[in-house]
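Asker: One structure, pasted below without further comment.
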């Protein structure tokens, strides 16, 4: 643990030294690339903390807070300790409030982000939290859909929600599959060259699509 902490301190120092020589977009892009490409918890934690530093340096940029929220949600999903999972989401909520204060307008990506925060809260204690956070999830998904129905992240997370819902309640791989299929088509039309316009989720959707197809075929 001490070695990991020491490694993070070194990485933060290197990042701070390099970030001041980078433009906002370059710093955001390089951090996002690292966050998405590293599959380990410690690697994502390091990149997630870099997002937070970027949000501190460029505090007036809503998209910096957006990616910080996104990283905290993913870390919550990956965390093994149940108590710590909510702590990541508490940090996400604080960044989310800053994001909304800066943006001051409706945005489909922000509604999707609100939906996945709720989904992550639900995932910590599914039976106890299903009603409260399930309703918040659905409400925000519908708001996002009303603004931009061709946002693939809407259907990715509708599929994720259904995939993890027991079959007796209308969920499971077969119910989730059409949503991942729809998201796949929409991801093909999405430009991944502009970090200021979120485009995350394609790899996760592909993995979930393949998993659903395999489970449906074997059922």
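Numbering (our numbering), first residue to last: 439 to 657. For glycine and all other residues, C-beta sits at the position ideal for the given N, C-alpha and C.
#1: Quick one: what's got a C-beta closer than 6 angstroms to residue 609's C-beta in the same chain, skipping five residues either side?
#2: Can you tell me whether residue 634 is buried or exposed, with buried defined as 16 or more other CB within 10 angstroms of its CB?
#3: Ordered along the chain, which non-local residues of its own chain (more than five positions away) have a Cβ less than 7 angstroms from that of residue 496?
#4: What is the DSSP secondary structure of residue 609, counted as helix, strand or coil?
#5: So residue 472 is in the alpha helix (DSSP H); what residue range does that whole segment cover?
#6: If we ignore side chains and look at the alpha-carbon of each, how far apart do residue 652 and residue 494 end up?
#7: Quick one: grab the DSSP three-state call for residue 506.
#8: Counting pairs of beta carbons, one from the region 507-515 and one from the region 523-538, are three or more of them closer than 8 angstroms?
#9: Per the contact definition of three or more C-beta pairs closer than 8 angstroms, is the region 564-572 in contact with the region 533-546?
#10: Would residue 507 pass as an interface residue toward chain C - the criterion being a Cβ-Cβ separation below 8 angstroms?
#11: By a C-beta neighbour count over all protein chains shown, 10 Å radius and 16 as the cutoff for buried, is residue 519 buried or exposed?
#12: With 16 other CB atoms within 10 Å as the buried threshold, where does residue 558 fall?
#13: Quick check for students: name the residue ranges of the alpha helix (DSSP H) that lie wholly in the region 574-652, counting only runs of 4 or more.
#14: Comparing C-alpha positions only, which one of 548, 565, 645 sits nearest to residue 577?
#15: Hey, residue 647 and residue 619: beta-carbon distance below 8 angstroms or not?
#16: Measure how close the beta-carbons of residue 471 and residue 488 come, nearest whole angstrom, since I'm counting them as under 8 angstroms.
#17: Would DSSP call residue 531 helix, strand or coil?
#18: Assign residue 492 to buried or exposed, taking buried as 16 or more other Cβ atoms, counted over all protein chains shown, within 10 Å of its Cβ.
#19: When you compare only the Cα positions, how much space is there between residue 554 and residue 588?
#20: Could you say which of 649, 632, 637 lies nearest to residue 626 if we only look at CA atoms?
#21: Classify residue 517 as helix, strand or coil using the three-state DSSP reduction.
#22: Could you pull out every residue in the same chain whose Cβ sits closer than 6 angstroms to the Cβ of residue 530, ignoring the five residues on either side in sequence?
#23: If I measure Cβ to Cβ from residue 443 and keep anything under 8 angstroms in the same chain, skipping five residues before and after, which residues do I get?
Answerer: With the given structure in hand:
#1: 600, 603
#2: exposed
#3: 462, 502
#4: Coil.
#5: 462-475
#6: 44 angstroms
#7: helix
#8: yes
#9: Here the region 533-546 makes no contact with the region 564-572; the two share fewer than three CB pairs at distances below 8 angstroms.
#10: Included in the structure is just one protein chain, with no chain C present.
#11: exposed
#12: By the beta-carbon neighbour count (other beta carbons within 10 angstroms, threshold 16), residue 558 is buried.
#13: 590-601, 611-625
#14: 548
#15: yes
#16: No, residue 471 and residue 488 are not in contact; Cβ-Cβ is about 11 angstroms, not under 8 angstroms.
#17: It is helical.
#18: buried
#19: Taking the straight line from one Cα to the other gives about 17 angstroms.
#20: Ranking the options by Cα distance to residue 626, first place goes to 637.
#21: coil
#22: Residues of the same chain with a CB within less than 6 angstroms of the CB of residue 530, apart from the 5 flanking positions on each side, are 507, 510, 511, 555 in chain order.
#23: Interpretation of residue 443 is limited by its pLDDT of 47, a score under 50 that renders its predicted location unreliable; the figure taken from the coordinates is listed afterwards. So no residue of the chain qualifies.
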